[in-house]
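Student: Below you will find the structure I want to go over with you.
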Amino acid sequence: MSANSPVGGGAGHIPPRSNQNRPPPSSDIAISVQSVAKKFRIDGHNNRSVWSALTGFHRTNSQDFWALRDVSVDVPRGSMLGIIGKNGSGKSTLLRLMCGVYRPTEGQIDIHGRITALLELGAGFHQELSGRENIFMNAAVMGMPRDRAAEAIEDIVGLADIGDFIDQPVEIYSSGMRARLGFAVSVFLDPEILLADEIISVGDVGFAKKCFEHLNRMRREGVTTVLVTHNLAIMENMCDQVAWIHKGETQALGNPIDVVRQYRDFMTGGVNPDEPAAPTSGITHMEATSQDGLEMGYTGAPLTVRAGFDLEDPIEEPQLQLQVHALDGPIFLGAAGPNDLGPILKGRGQIEYHIPMLPVGPGRYSVEIEITSAVSDASITQRCPLPIRPAQDHHVTDFYDIGGDWTVTTD
Amino acid sequence: MATESPQHHITFTPAGRSGSTLSAIRELWDFRGYIFYLTRRDLRTKYNRSLLGWIWSILNPLVTLAIYSLVFGVILLVDRNIGVSPTGLQSFPHFLFSGLIVWQLFNQTSMNVMSGFTSAIVLRRKLYFPPAAPAISKALVNLVDSSIELLVLAAFYIIAGNFGITFVFVPVLMLVAVIFGLGVGLLLAVANVRYRDVGYIYTLFMRLFFYITPIIWPFQMIEDRIGNRWVKLAAEFNPLAKLIDVCRTVTYSLAWPNLFDLAYLAGVGTVLTVVGWTVFNRSAADAAEGM
Numbered sequence: 008m009s010a011n012s013p014v015g016g017g018a019g020h021i022p023p024r025s026n027q028n029r030p031p032p033s034s035d036i037a038i039s040v041q042s043v044a045k046k047f048r049i050d051g052h053n054n055r056s057v058w059s060a061l062t063g064f065h066r067t068n069s070q071d072f073w074a075l076r077d078v079s080v081d082v083p084r085g086s087m088l089g090i091i092g093k094n095g096s097g098k099s100t101l102l103r104l105m106c107g108v109y110r111p112t113e114g115q116i117d118i119h120g121r122i123t124a125l126l127e128l129g130a131g132f133h134q135e136l137s138g139r140e141n142i143f144m145n146a147a148v149m150g151m152p153r154d155r156a157a158e159a160i161e162d163i164v165g166l167a168d169i170g171d172f173i174d175q176p177v178e179i180y181s182s183g184m185r186a187r188l189g190f191a192v193s194v195f196l197d198p199e200i201l202l203a204d205e206i207i208s209v210g211d212v213g214f215a216k217k218c219f220e221h222l223n224r225m226r227r228e229g230v231t232t233v234l235v236t237h238n239l240a241i242m243e244n245m246c247d248q249v250a251w252i253h254k255g256e257t258q259a260l261g262n263p264i265d266v267v268r269q270y271r272d273f274m275t276g277g278v279n280p281d282e283p284a285a286p287t288s289g290i291t292h293m294e295a296t297s298q299d300g301l302e303m304g305y306t307g308a309p310l311t312v313r314a315g316f317d318l319e320d321p322i323e324e325p326q327l328q329l330q331v332h333a334l335d336g337p338i339f340l341g342a343a344g345p346n347d348l349g350p351i352l353k354g355r356g357q358i359e360y361h362i363p364m365l366p367v368g369p370g371r372y373s374v375e376i377e378i379t380s381a382v383s384d385a386s387i388t389q390r391c392p393l394p395i396r397p398a399q400d401h402h403v404t405d406f407y408d409i410g411g412d413w414t415v416t417t418d
Numbered sequence: 008m009a010t011e012s013p014q015h016h017i018t019f020t021p022a023g024r025s026g027s028t029l030s031a032i033r034e035l036w037d038f039r040g041y042i043f044y045l046t047r048r049d050l051r052t053k054y055n056r057s058l059l060g061w062i063w064s065i066l067n068p069l070v071t072l073a074i075y076s077l078v079f080g081v082i083l084l085v086d087r088n089i090g091v092s093p094t095g096l097q098s099f100p101h102f103l104f105s106g107l108i109v110w111q112l113f114n115q116t117s118m119n120v121m122s123g124f125t126s127a128i129v130l131r132r133k134l135y136f137p138p139a140a141p142a143i144s145k146a147l148v149n150l151v152d153s154s155i156e157l158l159v160l161a162a163f164y165i166i167a168g169n170f171g172i173t174f175v176f177v178p179v180l181m182l183v184a185v186i187f188g189l190g191v192g193l194l195l196a197v198a199n200v201r202y203r204d205v206g207y208i209y210t211l212f213m214r215l216f217f218y219i220t221p222i223i224w225p226f227q228m229i230e231d232r233i234g235n236r237w238v239k240l241a242a243e244f245n246p247l248a249k250l251i252d253v254c255r256t257v258t259y260s261l262a263w264p265n266l267f268d269l270a271y272l273a274g275v276g277t278v279l280t281v282v283g284w285t286v287f288n289r290s291a292a293d294a295a296e297g298m
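Protein chains in written order, with the numbering used here: chain A, 8 to 418; chain B, 8 to 298.
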């Protein structure tokens, strides 16, 4: 699995950020993790006592557990690193090492910048204090100055959207309310480095959307972000590089699209519903790449789709079609192939399709190539994933601007 | 490069944060707001769900004093050689109160610093803060709490007509008691996380220490009753014995404290704090995670 893992920074394709109000970086690397290992000791029994220390008895029962081994990753300033992995793989441990809650057993971590860590929303809330009092307390431990917290308090209360509960003790809150309040405080922090663990997965859909918007805003403002989440779409669409941690080791690190695909392959036992295994005949290979050679597209930017075929049975009067599907959705766009392909298509060959300006907004899509025969039932299709991200020079980030003429009149 | 905030650069290594004492102290200062809120939280929620609330802060010392006075002053008739104050006061409760107030403050601070660190550990795995922050906040809680006791003490003496300018030293002595407690608490806090036995042994030891320290008996008894030279020296230089003796000097006897005694207390306070801090700082971060 690891043999084909590309290892290396994703620095080549980081879209520039607006970086307003930020000092020029003194170092290009915000977080540098160098050969870090973390060992935990698991005790066989819970009752620690001086007796067991003196007799050394507990040593026979305890064992060392390496949660991380030889992990190295550099996070360039202003970029976003995603960490994926199965539960218990060590990804949260890595995040905790970065924010100093755990210390490395081996190796070294360098942090350049002010950190805000969201390991658990609402951690540190005191049960007997009111929501309002907890806001101040939480703000203090996150490093927000008191006057700034006082300034932002009404906005925080509004964003948390918990109504009159704000003056009630937190112990009567639901877990969702607690998470919303914890998140609301974090929105008003002004971090240079944001470390977040699974914050999207708590709460309802509306809350997840707020979290997502917040992350997007942080990204635009040039905040260096490290994100642990099971949400692979966020990994593909937002991260500049992704690290896949498996059993405490870096299984893959680099381009989000590649790493997420490897991870998805692994999790589905090599069978990817999005991407069937390449057959030995038919369309044997397919990729959709942007100008920078990555297997993805940018809104409004050129896209090239290449497919290799190996046809044992010839296809008479072949016709080509290319379709872009919204993920698991209907056909979104398509391109009909030329009619002059000749009477027969057989053997090996390549198909290349190029579009100078991809008129699709950001999101997860798949692209499908279909070879059909005009005179028989023969049909060959192949599909590959096509994540599309906002291009750096496209003036809107949420959709592709289809242009058109506007007229506004008032009576 | 011009920035409005200082350049933050941290290195995490197996030995801990880069730099040592100085950067750890600077970090504590950065988290002063958090320490403040922790302290305020404890003070505000201390008497939650109690009818009498803050009255307990007055009742507690008074009832303790009454019990000890009854047991040691009336039933056991402890040595009455407690001396007569310049104003003619010869009262065992007053004598006892002056000793008890600093003793309790030291004892409670050291215990609370230990338990404060232990109970903050779960949170420390979800939220970064300097490990010493909850311990220091506990010491501050005890300091604020004791100010009420200080007023009770003052009132107790004023009623007896035994009050003077020398009382200005009492807050200083109480601060010293808190510093002693903080030092000892920090020294044992990490060990207590690993082995709770430390806390239990400490509790028992303090019970013994209560009786071998001149709290319910006068300092002078060391001189009068102890034959062995070394034991006598040890008893006299027991920092808590000194602290209590000085507290009695300025309250009961209304006399100015001996400069040598003050210097000795300051020295012990400094050593305890430095040693406690060093031991704590070396392993507190590891203790916080290694459970």
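The C-beta atom is built at its ideal place from N, Cα and C for all residues, glycine as well.
Compare the C-beta of Ser25(B) against all C-beta atoms of chain A and say whether one is closer than 7 Å.
Tutor: Residue placement at Ser25(B) is poorly supported in this model, since its pLDDT is 44, which falls under 50; the coordinates still yield a value, given next. Answer no: the Cβ-Cβ gap between Ser25(B) and chain A never drops below 7 Å.
Student: What's the gap between the Cα of Thr18(B) and the Cα of Arg132(B)?
Tutor: Answer to the nearest angstrom: the Cα atoms are 19 Å apart.
Student: So that I know if they touch, is there some Cβ in chain A lying closer than 7 Å to that of Ile143(B)?
Tutor: It does not: the Cβ of Ile143(B) has no partner Cβ on chain A nearer than 7 Å.
Student: How big is the Cα-Cα spacing for Tyr218(B) and Cys106(A)?
Tutor: Between Tyr218(B) and Cys106(A), the C-alpha separation is close to 47 Å.
Student: Verify whether the separation of the beta carbon atoms of Asn329(A) and Tyr372(A) is less than 7 Å.
Tutor: Just to set this straight, residue 329(A) is Leu in the shown sequence, not Asn. Result no, Cβ atoms of Leu329(A) and Tyr372(A) do not sit closer than 7 Å.
Student: Please state whether the Cβ-Cβ distance between Val267(A) and Glu228(A) is less than 7 Å.
Tutor: The answer is no: Cβ separation not under 7 Å.
Student: List, in order along the chain, the chain B residues whose C-beta lies closer than 8 Å to that of Pro198(A)?
Tutor: Within chain B, no residue comes near Pro198(A); the closest Cβ sits about 11 Å away, beyond 8 Å.
Student: With DSSP as the reference, identify every bridge partner of Glu377(A), one or two as the case may be.
Tutor: Beta-bridge pairing links Glu377(A) to Gln328(A), Thr388(A).
Student: Gly210(B) to Ala294(B), Cα distance in whole Å?
Tutor: First, the amino acid is wrong: residue 210(B) is Thr here, not Gly. Between Thr210(B) and Ala294(B), the C-alpha separation is close to 21 Å.
Student: When the cut-off is 7 Å and only beta carbons count, does Ile90(A) lie next to chain B?
Tutor: So no, Ile90(A) is outside the interface.
Student: Measure the alpha-carbon distance for Phe195(A) versus Gly150(A) and round it to whole angstroms.
Tutor: Cα to Cα, the separation comes out at about 11 Å.
Student: Could you please give the first and the last residue of the uninterrupted alpha helix (DSSP H) stretch that includes Gly40(B)?
Tutor: Unbroken alpha helix (DSSP H) run through Gly40(B): 39 to 52.
Student: Could you tell me the distance, in whole angstroms, from the CA atom of Ala161(B) to the CA atom of Ile62(B)?
Tutor: In a straight line, the C-alpha of Ala161(B) is about 17 Å away from that of Ile62(B).
Student: Tell me, to the nearest whole angstrom, how far the beta carbon of Ala142(B) is from that of Phe163(B); I am working on the premise that it is less than 8 Å.
Tutor: Not a contact, Cβ separation roughly 31 Å.
Student: What does a CB cutoff of less than 6 Å around Lys353(A) pick up in its chain, not counting 5 residues either side in sequence?
Tutor: Within the same chain, Lys353(A) has close Cβ partners Leu318, Pro321.
Student: Which one of Glu127(A), Ile91(A), Gly315(A) has the shortest CA to CA distance from Gly261(A)?
Tutor: Checked all of Glu127(A), Ile91(A), Gly315(A); the closest Cα to Gly261(A) is Ile91(A).
Student: Can a CB atom of chain B be found closer than 7 Å to the CB of Pro83(A)?
Tutor: No, its Cβ sits nowhere closer than 7 Å to a Cβ of chain B.
Student: Using a C-beta cutoff of 7 Å, does Tyr44(B) count as contacting chain A?
Tutor: Chain A, which has a Cβ nearer than 7 Å to the Cβ of Tyr44(B), makes this yes.
Student: Quick one: complete alpha helix (DSSP H) runs, 4+ long, within the stretch 199 to 266 of chain A?
Tutor: Counting only runs of 4 or more, we get 212 to 227, 239 to 245.
Student: Any contact between the stretch 109 to 128 of chain A and the stretch 158 to 173 of chain A? By contact I mean 3 or more CB pairs, one from each, below 8 Å.
Tutor: In short, these stretches do not touch, since the Cβ pair count stays below three.
Student: Given a threshold of 16 other Cβ atoms within 10 Å of its Cβ, counted over all protein chains shown, does Trp413(A) qualify as buried or as exposed?
Tutor: Trp413(A) should be labelled exposed.
Student: Tell me the rounded alpha-carbon separation between Leu77(B) and Phe104(B).
Tutor: Going from the Cα of Leu77(B) to the Cα of Phe104(B) covers about 13 Å.
Student: Where Ile272(A) and Val415(A) are concerned, what is the direct C-alpha to C-alpha distance, given to the nearest angstrom?
Tutor: The sequence shown places Asp at residue 272(A), not Ile. Cα-Cα distance, rounded: 51 Å.
Student: Indicate whether at least one CB of chain B lies closer than 7 Å to the CB of Ala308(A).
Tutor: False, the Cβ-Cβ gap to chain B never drops below 7 Å.
Student: Thinking C-alpha only, which one of Leu240(B), Arg255(B), Glu243(B), Arg289(B) is nearest Asn169(B)?
Tutor: Checked all of Leu240(B), Arg255(B), Glu243(B), Arg289(B); the closest Cα to Asn169(B) is Arg255(B).
Student: If you measure beta-carbon to beta-carbon, which residues of the stretch 90 to 116 of chain A are closer than 7 Å to chain B?
Tutor: Answer in chain order: Leu104, Cys106, Gly107, Val108, Tyr109, Arg110, Pro111, Thr112, Glu113, Gln115, Ile116.
Student: Suppose you measure from the CA of Leu247(B) to the CA of Thr220(B); what does that come to, to the nearest Å?
Tutor: Their backbone Cα atoms lie some 7 Å apart in a straight line.
Student: For the beta strand (DSSP E) containing Glu294(A), name the first residue and the last one.
Tutor: Run containing Glu294(A): 289 to 297, per the beta strand (DSSP E) assignment.
Student: Kindly list, in the order they appear in chain B, the residues whose Cβ is closer than 9 Å to that of Glu243(A).
Tutor: Under the 9 Å cutoff, chain B gives no residues; its nearest Cβ is about 28 Å from Glu243(A).
Student: Mapping the DSSP letters down to three states, classify Glu296(B) as helix, strand or coil.
Tutor: Helix at Glu296(B).
Student: Using DSSP's beta-bridge definition, name the partner residues of Val73(A).
Tutor: With the sequence shown as reference, residue 73(A) is identified as Trp, and Val is not the correct amino acid for it. Paired residue(s): Lys46(A).
Student: Between Lys46(A), Leu88(A), Val82(A), which lies nearest to Gln70(A) when the distance is taken from Cα to Cα?
Tutor: If we check each option's Cα against that of Gln70(A), Lys46(A) comes out closest.
Student: Under the assumption that Ala130(A) contacts Pro83(A) (Cβ atoms under 8 Å), give the Cβ distance between them as a whole number of angstroms.
Tutor: 28 Å between Cβ atoms; not a contact.
Student: Please list, in chain order, the chain B residues whose beta carbon lies closer than 9 Å to that of Ile118(A).
Tutor: Residues of chain B passing the Cβ test: His15, His16, Ile17, Thr18, Phe19.
Student: Could you check whether the Cβ of Gly123(B) sits closer than 7 Å to any Cβ belonging to chain A?
Tutor: With 7 Å as the cut-off, Gly123(B) does not count as an interface residue toward chain A.
Student: Against chain A, with Cβ distances strictly below 7 Å, would Phe212(B) count as a contact?
Tutor: Not closer than 7 Å to any Cβ of chain A, the Cβ of Phe212(B) fails to qualify, so no.
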